[in-house]
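Residue numbers (our numbering): 39 to 255. For glycine and all other residues, C-beta sits at the position ideal for the given N, C-alpha and C. Report on the following structure.
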Ligand code: PRP
């Protein structure tokens, strides 16, 4: 259940946290503790009625869905994999931008492997996105669910391809993999708990408006 009189915002450490700070500033909210310098999970702000909770990126939708947080910032990738049930998603914040792509070893013939009716082994953390992508192409996919370091799978021969986030492309390059297909552009979205939206309407509306005014071009 959400805490009355308090707005709780769920963020994940790293890029999403950093790129949400200017949006918070637009809403008059300043986080007064540095998440990189402590192991605290609940951070206070300059406003007594606003706090930030730090959770795993993949857990942001879950915390907001269950009312552990009123508002959260989560990547489109995370939201698709979660399903987004009971979440109001009012804004694309245009932050933490990257893309979801297919990558293979340079010596792998991807064009031949994705002919209609063929079969491909794909390692990924993003099983919903990957299975939908290959189903749309009419390609049978054997999915290997991993939780990180996916780049390793094609190198070791466990998979033919990976489906992963690409930002600079440096990780792929360092592991001699090539990006062969972009599946979708990714950015982070604002998510809101449905009950909070009704019970804390005014406070939440203000945050949404301020965030909207500060979305980077
Ligand atoms: C992501 C992704 C790649 C890397 C791509 O991992 O899984 O490994 O970033 O970025 P690049 O194209 O700029 O090299 P992230 O660092 O988000 O951590 P994760 O492995 O926990 O997902």
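The Cβ atoms of residue 112 and residue 91 lie no closer than 8 Å to each other.
Contact between residue 65 and residue 255 is ruled out by a C-beta separation of about 19 Å, above the 8 Å threshold. Here the distance from the Cβ of residue 115 to the nearest heavy atom of the ligand PRP is not below 7 Å. Rounded to whole angstroms, the Cβ separation of residue 245 and residue 198 is 45 Å, and the two are not in contact under 8 Å. If only uninterrupted alpha helix (DSSP H) runs of at least 4 residues are considered, those enclosed by the stretch 216-253 are 232-237 and 239-251.
Residue 188 sits away from residue 211, with the two beta carbons spaced by 8 Å or more.
Cα atoms of residue 179 and residue 220: separation of roughly 17 Å, rounded to the nearest angstrom.
Contact annotation: residue 68 and residue 62 have beta-carbon atoms nearer than 8 Å. Going by C-alpha positions, residue 129 is about 21 Å away from residue 44. Less than 8 Å divides the Cβ of residue 101 from the Cβ of residue 48.
Selection around the ligand PRP by beta-carbon proximity, strictly under 6 Å to any non-hydrogen atom, yields 186, 202, 203, 204, 205, 206, 207, 208 and 209 in chain order. In the DSSP assignment, residue 60 falls within the unbroken alpha helix (DSSP H) covering 53-64. In terms of CA proximity to residue 94, 116 leads the group 169, 235, 116 and 87. In the DSSP assignment, the residues bridged to residue 180 are 159.
Counting only runs of 3+ residues, the beta strand (DSSP E) found wholly inside the stretch 101-160 occupies 109-113, 125-130 and 136-143, in chain order. In the assembly as shown, residue 149 is an exposed residue. Its beta-carbon has fewer than 16 other beta-carbons within 10 Å. In this structure, residue 144 sits near residue 216, with a CB-CB distance shorter than 8 Å.
The residues 49 and 73, in chain order, have a CB closer than 7 Å to that of residue 55 in the same chain once the five nearest residues on each side in sequence are set aside.
Assignment of residue 198 by DSSP, reduced to helix, strand and coil, places it in the coil class. The C-beta distance from residue 242 to residue 131 rounds to 15 Å, too long to fall under 8 Å, and the pair is not in contact. CA-CA distance, residue 218 to residue 156, rounds to 17 Å. Selection 82, 200 and 79 evaluated against residue 169 yields 200 as nearest (Cα-Cα).
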